[in-house]
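Here the sequence shown is numbered in my numbering, starting from 15 and rising by one per residue.
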Amino acid sequence: IAYGMGEFGLASRTGMSRQDAEAFISSYYQKFPGIRDWQEKTLSSTREKGYAETLFGRRRFLPAIRSGNFQVRAAAEREAINMPIQGTAADVIKVAMIRIDAEIRARGLRSWMILQVHDELLLEVPDDELMEIRTHLPRLMAHVAELKVPLVVEVGVGTNWEAAH
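This is the structure:
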């Protein structure tokens with residue numbers, strides 16, 4: 015819903031009736047009115063500028079937001095609402111990766127990043143470097159962006175990705 019899903023999308027994804035989905039969405043916006051306000055400001059800004067942007071300033075141009083075709087315009091509106099959220103999350107993890115790599119190199123460590131999945135990073139870390147990585151990784155990741163809500167970083171350890179969860 016925060017990304018702009020309407021009652022039809024919610025109903026088809028959850029199996030609830032369109033009336034129940036409409037009531038759910040209405041209740042959601044009553045409980046969280048700031049979300050609707052933010053969505054409206056984001057759509058207005060995107061219509062005016064022709065692009066949506068992340069907190070880091072990366073832009074996605076969306077000329078279809080001015081389309082006369084309802085379906086084309088509605089898709090662009092969903093993209094405009096999604097971009098600042100998902101795009102900022104992508105920016106955060108990319109900046110974190112750059113900082114982590116620089117820190118590993120600066121410390122002369124043998125650890126290395128091998129995989130990024132959404133908001134997770136998978137590193138291979140020699141046993142003798144584990145405490146150093148566990149200490150510095152959360153600090154580096156949590157301070158990529160100073161937000162009103164702090165970024166929380168958890169570190170899992172295991173012999174494989176599943177075990178680390």
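In this text, a Cβ means the ideal position worked out from N, Cα and C, and glycines have one as well.
Note that the structure is predicted; figures quoted are calculated from it, not measured.
Whole-angstrom distance between L69 and A104, CA atom to CA atom: Counting from one through the sequence shown, the residue named residue 104 turns up at place 90. Counting from one through the sequence shown, the residue named residue 69 turns up at place 55. In a straight line, the C-alpha of A104 is about 11 Å away from that of L69.
Same chain, Cβ closer than 7 Å to D133, neighbours up to 5 away in sequence not counted: For this step, residue 133 is matched to residue 119 along the sequence shown. For D133, where only same-chain residues beyond five positions count, the Cβ hits under 7 Å are A103, I107.
Contacting residues, own chain, Cβ-Cβ under 7 Å from V169 (five flanking each side not counted): The residue given as residue 169 occupies position 155 in the sequence shown. Leaving aside the five residues that flank V169 on each side, the residues in its chain whose CB is nearer than 7 Å to its CB run, in chain order, R148, L151, P152.
Among A120, M19, E62, M145, nearest to Y43 - alpha-carbon criterion: One-based indexing of the sequence shown puts residue 43 at position 29. Among A120, M19, E62, M145, the Cα nearest to that of Y43 belongs to M19.
A66 (DSSP reduced to helix, strand or coil): Reading the sequence shown from its first residue, position 52 is the one you call residue 66. Look at A66 here: in three-state DSSP terms it is strand.
Straight-line Cα distance separating Q100 from V109: As a working note, residue 109 is residue 95 in the sequence shown. As a working note, residue 100 is residue 86 in the sequence shown. Cα to Cα, V109 sits roughly 14 Å from Q100.
Burial state of V139, where buried means 16 or more other Cβ atoms lie within 10 Å: By 1-based counting over the sequence shown, the position of residue 139 is 125. Counting C-beta atoms within 10 angstroms of its own C-beta, V139 has 16 or more neighbours from the protein chains shown and is therefore classed as buried.
Whole-number beta carbon distance between I49 and A16, since they are thought to touch under 8 Å: By one-based count along the sequence shown, residue 16 stands at place 2. By one-based count along the sequence shown, residue 49 stands at place 35. Contact between A16 and I49 is confirmed by a C-beta separation of about 6 Å, below the 8 Å threshold.
Other residues of its chain near R80: CB distance less than 7 Å, five sequence neighbours each side excluded: In the sequence shown, residue 80 corresponds to position 66, counting from 1. Correct list, in chain order: R61.
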